[in-house]
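A.B. asks:
Protein chains in written order, with our numbering: chain E, 1 to 274; chain G, 275 to 548.
Rendered as structure tokens:
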């Protein structure tokens, strides 16, 4: 586990489920503040009044240690459980309290107040699709298999180490998208053609590129002082790959300064636009 | 792309970045309402007033088609951009507006109002750690390699197809945790011992189990009518694996009704408790 650096403030994520919603939201909001060092503590599965009281104790103690009240992001849907957090010495941001009632009015139905509804395996069709997508993406990583490529939702192409594998896995894991990926290698550039199997799946192709100096860094970590990692070779491969993608009319983006999430959101947007 | 079923309401996720926060939060909140069929539309990278106006047009049109106003979850931090969404015919849930000011008061500093701060590659140390963790988990999937196992943060063990691979990849992708996984196979049960290499990493072991009938279903999809997938064999393997984990003092959970996220949150909680 990565060590936590020294902190100015403690932030708790309290949830009756995994805590993913509270944490995602908290990160987003806190990323708007610079120069504050945060200690983050997850308290997932807080699904009974007893566990809520334990959470309150933990939060109170931490506040005493810190000498300043903690920030608490909570997504507790059961009023009996969330009530326990009401009077603790912390700044509480209750994500549901503010929005459930307006939505009840909007839909004209009462919410279920059922705990742990998010990030579960309850919608088993959707869940099954995600697991299948992960298996598909693993089996079709790095051009490993051409079998079943017609079932792919997208096929990422690009030079070795430009970000295809993490992006494919992310698309599968988070969105249930069957994402294959296929490397573009020097032999393809010599022939001046994409790998042959890709021509019949052209509409599914999406390209990733990367700045040559960044690529050289990434490859150096893998194979130091190799021709593969040399800046000259990276420059040549990236140039040839971009020229090929332009020539073949493949949409592509540069992954250099983008996170997996940003690349995936862009690919998804393009897929939906089709 | 999975087809969208017929819908009663349209839900938009509008963000200046990936839209992950808006979508995660929206899913969570909407999972509290049953029986309402939703059409979900992402509008990521809405990072200029022009794009915000395009978004408003899109939302207005959809509302006219639906005959009922859409729900909009937005995480726009720039006031100039979010202003564009103010008067549109939709129910707007602005996630930041409600919470940024109280946090500014709490910290005694102004927020940056900088767009696209979440889910970026800007914190490159943390980001690099995630990419390394993904590579590590892929290289150490299914007991593929014993090299570098001492660098693992956790080693998941369990019978084939009990959920080790998706959980390992999720831990790496979302949390930057180097998660290896190692299968427990009939040969291990015959010997009555864990794979030898695992003994020296005992403190990192975490077990997954699964109900035999669910395991038989999952394995059937992979190898129909095999001995591997038969209920008798699944029952024997699961029984032997659980007995072994108990004997060796390995903490474990049953993945049968749990999502990847729930398994990962539990593993994480256990790791942090150590």
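C-beta: ideal position from N, C-alpha, C; glycine also.
Excluding sequence positions up to five away, which residues of its chain have a Cβ less than 7 Å from the Cβ of residue 80/E?
C.D. replies: Excluding residues within five positions, the ones whose Cβ falls inside 7 Å are 49.
A.B. asks: Given a cut-off of 9 Å on the beta-carbon distance, is the pair residue 381/G and residue 36/E in contact?
C.D. replies: Yes; because the gap between Cβ atoms is below 9 Å, this pair is in contact.
A.B. asks: Identify which residue in 521/G, 431/G, 442/G, 383/G has its Cα closest to the Cα of residue 412/G.
C.D. replies: Among 521/G, 431/G, 442/G, 383/G, the Cα nearest to that of residue 412/G belongs to 442/G.
A.B. asks: For residue 393/G and chain C, any beta-carbon pair shorter than 9 Å?
C.D. replies: Absent here is chain C; the protein component of the structure consists of chains E and G.
A.B. asks: For residue 369/G versus residue 349/G, is the C-beta spacing smaller than 9 Å?
C.D. replies: Contact flag set, yes.
A.B. asks: Grouping DSSP H, G and I as helix and E and B as strand, with all else coil, what is residue 507/G?
C.D. replies: Helix, per DSSP.
A.B. asks: Can you pull out the residues from the stretch 370-381 of chain G whose beta carbon lies closer than 7 Å to at least one beta carbon of chain E?
C.D. replies: So the close ones are 370, 372, 373, 374, 377, 380, 381.
A.B. asks: Cβ of residue 500/G less than 9 Å from any chain E Cβ?
C.D. replies: False, the Cβ-Cβ gap to chain E never drops below 9 Å.
A.B. asks: Just the chain E side, please: which residues come within less than 8 Å of residue 543/G by C-beta, in chain order?
C.D. replies: Residues of chain E passing the Cβ test: 42, 44, 45.
A.B. asks: Give the range of the alpha helix (DSSP H) segment to which residue 490/G is assigned.
C.D. replies: 486-496 is the extent of the alpha helix (DSSP H) around residue 490/G.
A.B. asks: Residue range of the alpha helix (DSSP H) that residue 445/G falls in?
C.D. replies: Looking at the DSSP string, the run of the alpha helix (DSSP H) that includes residue 445/G is 438-449.
A.B. asks: How would you list, in chain order, the residues of chain E whose beta-carbon sits under 7 Å from the beta-carbon of residue 385/G?
C.D. replies: Per Cβ cutoff of 7 Å: 32, 33.
A.B. asks: Would the beta-carbon of residue 171/E fall within 9 Å of that of residue 184/E?
C.D. replies: Against a cut-off of 9 Å, the Cβ pair of residue 184/E and residue 171/E comes out as no contact.
A.B. asks: Going by beta carbon distance, what residues of the same chain come within less than 6 Å of residue 282/G, once the five residues before and after it are set aside?
C.D. replies: Hits under 6 Å: 310, 311.
A.B. asks: Which first and last residues belong to the alpha helix (DSSP H) in which residue 255/E is found?
C.D. replies: That residue, residue 255/E, is in no alpha helix (DSSP H); it is neither H nor E in DSSP.
A.B. asks: Within 9 Å (strictly less), CB to CB, does residue 281/E reach chain G?
C.D. replies: For chain E, the structure presents residues 1 to 274; residue 281/E sits outside this window and is missing.
A.B. asks: Between residue 2/E and chain G, is any beta-carbon pair separated by less than 9 Å?
C.D. replies: Because residue 2/E carries a pLDDT of 45, less than 50, the predicted location of this residue cannot be relied on, and no value is offered for it.
A.B. asks: Please report how far the alpha carbon of residue 150/E lies from the alpha carbon of residue 178/E, in whole angstroms.
C.D. replies: Answer to the nearest angstrom: the Cα atoms are 10 Å apart.
A.B. asks: Quick check: what's the CA-CA separation for residue 41/E versus residue 88/E?
C.D. replies: So the two alpha carbons sit approximately 16 Å from each other.
A.B. asks: Using 9 Å as the threshold, is the C-beta distance between residue 555/G and residue 450/G below it?
C.D. replies: The structure shown does not extend to residue 555/G, since chain G is modelled only from 275 to 548, so the question has no answer here.
A.B. asks: Rounded to whole angstroms, what is the Cα-Cα separation between residue 146/E and residue 154/E?
C.D. replies: Spanning the two alpha carbons is a distance of roughly 13 Å.
A.B. asks: List, in order along the chain, the chain E residues whose C-beta lies closer than 8 Å to that of residue 349/G?
C.D. replies: The contacting residues are 28.
A.B. asks: Label residue 499/G either buried or exposed according to how many other C-beta atoms from any shown protein chain fall within 10 Å of its C-beta, with 16 as the threshold for buried.
C.D. replies: The residue in question, residue 499/G, is exposed, as its Cβ has fewer than 16 Cβ neighbours within 10 Å.
A.B. asks: Using 9 Å as the threshold, is the C-beta distance between residue 303/G and residue 33/E below it?
C.D. replies: No; because the gap between Cβ atoms is not below 9 Å, this pair is not in contact.
A.B. asks: Since residue 157/E is in the beta strand (DSSP E), which residue starts that stretch and which ends it?
C.D. replies: 154-158 is the extent of the beta strand (DSSP E) around residue 157/E.
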